[in-house]
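When we follow our numbering, the leftmost residue of the sequence shown carries the number 411, and every step to the right adds one. Note that CB positions come from ideal geometry on N, CA and C, so glycine has one too. Values in this document were obtained by computation on a predicted structure and should not be read as measured data.
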Amino acid sequence: MIVLTRSGERMIERAFPAWERALEEARAAFGEKRIREVHAQLGRIVATVDGFVGTGVTTGQVGPPFHAVWKSSPEDLDKHL
Numbered sequence: 411m412i413v414l415t416r417s418g419e420r421m422i423e424r425a426f427p428a429w430e431r432a433l434e435e436a437r438a439a440f441g442e443k444r445i446r447e448v449h450a451q452l453g454r455i456v457a458t459v460d461g462f463v464g465t466g467v468t469t470g471q472v473g474p475p476f477h478a479v480w481k482s483s484p485e486d487l488d489k490h491l
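Here you go:
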């Protein structure tokens, strides 16, 4: 579990506009489809690695880091890659 202080919450709130600008620049440079493909690949890689250490991982749609927890196991390696 991660708990943020109010100061940490404010820091994330201040950073969010920069995150949105960076994402828009990436979409303009690479296109929405390619961004989603890369994000999906990265999610599968992180999930696979997480399955080896067993800690849970965050995955989700392209966007700010607000994602659902997803567990993986070493036996799922082929399904994720």
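For residue j and residue i, believed in contact at Cβ under 8 Å, the rounded distance
i: alanine 436; j: isoleucine 445; result: 6 Å
Neighbourhood of residue i by C-beta, 8 Å cutoff - its chain only, sequence neighbours within 5 removed
i: isoleucine 422; result: Leu414
* Which ranges does the alpha helix (DSSP H) cover as unbroken runs of at least 4 residues, wholly within the stretch 416-448, from first to last along the chain? -> 416-440
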